[in-house]
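Everything below concerns the one structure shown next.
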Ligand code: FEO
């Protein structure tokens, strides 16, 4: 990827990772990703905002050469995770006069993770400013998006917010700006769902902190730049709000068809009642899509058979994931089947303790579902509809 001019004296020197399809060996990246790094040249000082994943170090260095960056005074490190900080040691080697500007927490983490020497840092506090001559940077602590040390930088004269992961999207588009909004909305929602959702309440505070800034552009560390920032700010406001949708998400798995029959019957009953219904067949599902559906669904119903006296491991994985992501789900239930006994329901319910939800009584069939089981599924659909009426 080549260096690209955003405005006079402001450049993207980012790297695109077209091939990366998994992050943290966990999170699917169907669209690849980018590691965004930016150069701002002031009349007196030049600053590099974040670096790139160490696997793309060469691309960053080439981009800096392309726009003839012979000196870097400051490297702003917004976040210690290696996809943004991993090339700091190399940049310090190539630009030995550069100082790493960050908050104390991030500096401590950079020392731990990347062995950056202590005397390389300039520590800044919330709302502290740094002059580049004719340009001014203001540092704004925006913690827990998604690590504790994360911060953003506001470039006052150009009204650009460099937000690092906050507002980012995993996308390997060559577009510099987010003009394909419907596509970027999905990428950004997926990104929010996968790593930001557990910190929804802190992110509400972060949105509050930036609300009075005049922002012409948001330049995040993944995905294209928002030159109409209200699009992504409004999306975040919606995702972090307490509002839920008239929607049921059903992650499920079946071995011999009993649970499958129950899930299909139950889904039809929900649809008949006007409830939006999303099914995720766990052995083949993309967990990123499941995470996205959890962002605003009012209800989750897990479907599982009983294996070795407990939940199917795929259903347990879905419950573990939902518990870790802490969605704003209000109601949970479980449907499924067993052959001769077991504690499938207790096990799954016990895995959801982080969620502040009402557990609606489950429906479990012995073997293949029978008439009374189908009636129970209809009643479960009624119970859900009754509860959803409180907000639709
Ligand atoms: Fe893109 Fe949390 O690193």
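Numbering (this note's numbering), first residue to last: 19 to 410.
Ideal Cβ positions, reconstructed from N, Cα and C, are used throughout, including at glycine.
Just so you know, these numbers come straight off a predicted model, no measurement behind them.
For residue j and residue i, believed in contact at Cβ under 8 Å, the rounded distance
i           : j           : result
residue 409 : residue 271 : With a Cβ gap of about 30 Å, residue 409 and residue 271 do not count as contacting.
residue 117 : residue 92  : 6 Å
residue 367 : residue 377 : 6 Å
residue 85  : residue 21  : 5 Å
residue 279 : residue 380 : In fact, because the Cβ distance is near 16 Å, the residues do not count as touching under 8 Å.
residue 167 : residue 224 : In fact, because the Cβ distance is near 13 Å, the residues do not count as touching under 8 Å.
Range covered by the beta strand (DSSP E) that runs through residue i
i           : result
residue 235 : 235-238
residue 341 : Careful: residue 341 lies outside any beta strand (DSSP E), inside the alpha helix (DSSP H) at 331-343.
residue 87  : Here residue 87 belongs to no beta strand (DSSP E), and DSSP marks it neither H nor E.
residue 58  : 56-59
residue 35  : 33-35
residue 306 : That residue, residue 306, is in no beta strand (DSSP E); its alpha helix (DSSP H) goes 305-312.
residue 327 : From DSSP, residue 327 is part of no beta strand (DSSP E); its letter is neither H nor E.
residue 213 : Per DSSP, residue 213 belongs to no beta strand (DSSP E) and is neither H nor E.
residue 244 : Premise fails: residue 244 is in no beta strand (DSSP E) and is neither H nor E.
residue 410 : Segment: none, residue 410 is in no beta strand (DSSP E) and carries neither H nor E.
residue 180 : 178-182
Beta carbon of residue i nearer than 9 Å to that of residue j
i           : j           : result
residue 170 : residue 96  : yes
residue 54  : residue 68  : yes
residue 74  : residue 35  : yes
residue 403 : residue 293 : yes
residue 233 : residue 179 : yes
residue 320 : residue 342 : no
residue 281 : residue 353 : yes
residue 250 : residue 160 : no
residue 329 : residue 362 : yes
residue 8   : residue 148 : Since the first residue shown for the chain is 19 and the last is 410, residue 8 is missing from the structure and cannot be characterised.
residue 288 : residue 266 : yes
residue 370 : residue 340 : yes
residue 300 : residue 24  : no
residue 253 : residue 203 : yes
For residue i, the first and last residue of its enclosing alpha helix (DSSP H)
i           : result
residue 219 : 218-228
residue 205 : 199-209
residue 292 : Where residue 292 is concerned, there is no enclosing alpha helix (DSSP H), given that its DSSP letter is neither H nor E.
residue 98  : Premise fails: residue 98 is in no alpha helix (DSSP H) and is neither H nor E.
residue 254 : 248-258
residue 169 : Per DSSP, residue 169 belongs to no alpha helix (DSSP H); it is in the beta strand (DSSP E), 169-173.
residue 123 : 122-132
residue 67  : It is not in any alpha helix (DSSP H) - residue 67 instead sits in the beta strand (DSSP E) that spans 64-67.
residue 110 : 106-112
Neighbour flag for residue i against chain D, beta carbons, 9 Å
i          : result
residue 38 : Absence of chain D from the displayed structure is noted, only one protein chain being present.
For residue i, the residue or residues it bridges with in DSSP
i           : result
residue 6   : Outside the displayed range of the chain (19 to 410) lies residue 6, so it cannot be described from this structure.
residue 364 : In DSSP, residue 364 forms no bridge with anything.
residue 388 : In the DSSP output, where bridge partners are listed per residue, residue 388 has none listed.
residue 149 : 154
residue 262 : Its beta-bridge partners do not exist; DSSP assigns none.
residue 351 : 319
residue 376 : 349
residue 119 : 94 and 140
residue 51  : 35
residue 30  : 22 and 56
Spatially closest choice to residue i from the options, by CA coordinates
i           : options               : result
residue 15  : 56, 244 and 209       : For the chain, the structure presents residues 19 to 410; residue 15 sits outside this window and is missing.
residue 269 : 289, 302, 287 and 249 : 302
residue 78  : 219, 32 and 395       : 32
residue 173 : 187, 152 and 165      : 152
residue 58  : 52, 66 and 229        : 66
residue 7   : 222, 310 and 323      : Beyond the ends of the chain as shown, which are 19 and 410, falls residue 7; an answer cannot be given.
residue 220 : 240, 184, 238 and 242 : 184
residue 241 : 182, 285 and 252      : 182
residue 141 : 126, 339 and 130      : 126
residue 111 : 135, 130 and 101      : 135
residue 212 : 308, 72, 255 and 363  : 308
residue 291 : 273, 230 and 406      : 406
residue 397 : 284, 304 and 345      : 284
residue 131 : 70, 80, 100 and 90    : 100
residue 94  : 158, 72 and 52        : 158
residue 177 : 370, 204, 236 and 365 : 236
residue 72  : 98, 231 and 204       : 98
residue 113 : 124, 89, 192 and 128  : 89
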